[in-house]
Amino acid sequence: MGEKHRSAASCTSPTGDVPATQVPREVAAPSADPARTHVCPDCGRAFARRSTLAKHSRTHTGERPFECPECGRGFSQKSALTKHGRTHTATPAAPHGREALRVHAVRAPLRSERHRRTHTGERPYVCADCGTRFAQSSALAKHRRVHTGEKPHLCTVCGRCFRHRSNLADHTRTHTGERPYPCTECGQRFRLSSNFVRHRRSHMMRRLYICAVCGRDFKLPPGTKATTVTERCPECESR
């Protein structure tokens, strides 16, 4: 059989004082609510807590830091991962009688033990090769592939194999052309969230400055360093 048709199981390939005119300020206008001091630089929404802003920011960056240890799907919110996790532990059809008691007796302690570790930080599963510890056996199994070289996730288009399902999903977009991470500022789209985050920083580097003459905001021209910025905006400078 050809390379692209081999089974997944056989894949083993390889922050002093500064003049006010020089201090950058956030792009977004300040919130009318004094309690909401954390402002999103992308859309201007304000939040009372930094942690809430961090969660909101993922709607712009596309970051999905919470990965399901069972199937590899990524989520932007921990609550979404928790909800998703129930799809792996839920019973397909509601059992009755003795069967219901048996299922509860087996699954309830397992779910309770997994949840307890989220509070205690306990990591009982240890990698025999490097000593890294994990809270879930499934996470250890994934890690073990680093040592064994196992790559069970096969691209059916080109035959390449990957250690993790998320890596395969990123790779698949090279074939489909999908670019699911759009920049809301310039419209450019990206295949990988890491490239999108790096691109967003290029916009954030162009902070708004305050002109000492007219008081208006102005952005740094592309490639201009902060140390070279004058006290006047380009329009006042040309007068």
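In this note's numbering, the protein residues as written are 502 to 740.
Quick reminder that beta carbons are idealized off the backbone N, C-alpha and C, glycines included.
As the structure is a computational prediction, the values presented were derived from the model and not from experiment.
Check                                                                                                                                                                                   : Outcome
Under 8 Å, with one C-beta from each stretch per pair, do the stretch 659-675 and the stretch 546-562 reach the 3-pair mark?                                                            : no
In the structure shown, what three-state DSSP assignment does valine 714 receive?                                                                                                       : coil
Which runs of the alpha helix (DSSP H), 4 residues or longer, sit entirely within the stretch 656-696?                                                                                  : 666-677
Mapping the DSSP letters down to three states, classify arginine 699 as helix, strand or coil.                                                                                          : helix
Going by beta-carbon coordinates alone, are arginine 690 and arginine 699 separated by less than 8 Å?                                                                                   : no
Do the CB positions of tyrosine 682 and phenylalanine 697 come within less than 8 Å of each other?                                                                                      : yes
Using a 10 Å radius around the Cβ and a threshold of 16 neighbouring Cβ atoms, would you call lysine 741 buried or exposed?                                                             : Only positions 502 to 740 of the chain appear in the structure, and residue 741 is not among them; the question remains open.
To which residues does DSSP link arginine 550 through a beta bridge?                                                                                                                    : For arginine 550, which the question treats as bridged, DSSP gives no partner whatsoever.
Whose CA, out of His589, Cys684, Cys541 and Ser739, lies closest to the CA of alanine 555?                                                                                              : Cys541
Please report the distance separating the alpha-carbon of arginine 624 from that of serine 638.                                                                                         : 9 Å
Label aspartate 630 either buried or exposed according to how many other C-beta atoms from any shown protein chain fall within 10 Å of its C-beta, with 16 as the threshold for buried. : exposed
Return the CA-CA distance between serine 703 and glutamate 564, expressed in angstroms with no decimal places.                                                                          : 17 Å
Histidine 648 to glycine 632, Cα distance in whole Å?                                                                                                                                   : 12 Å
With 16 as the cutoff for other CB atoms within 10 Å, does arginine 634 come out buried or exposed?                                                                                     : exposed
What residues match up with glutamate 568 in a beta bridge as DSSP calls it?                                                                                                            : Gly575
Exposed or buried, what is arginine 587 when buried is set at 16 or more other beta-carbons lying within 10 Å of its beta-carbon?                                                       : exposed
Excluding the 5 residues preceding and the 5 following leucine 582 in the sequence, name in chain order all residues of the same chain whose CB lies nearer than 7 Å to its CB.         : Phe567, Cys569 and Phe576
Hey, out of Lys584, Arg574, Lys579 and Gln578, whose CA is closest to histidine 665's CA?                                                                                               : Arg574
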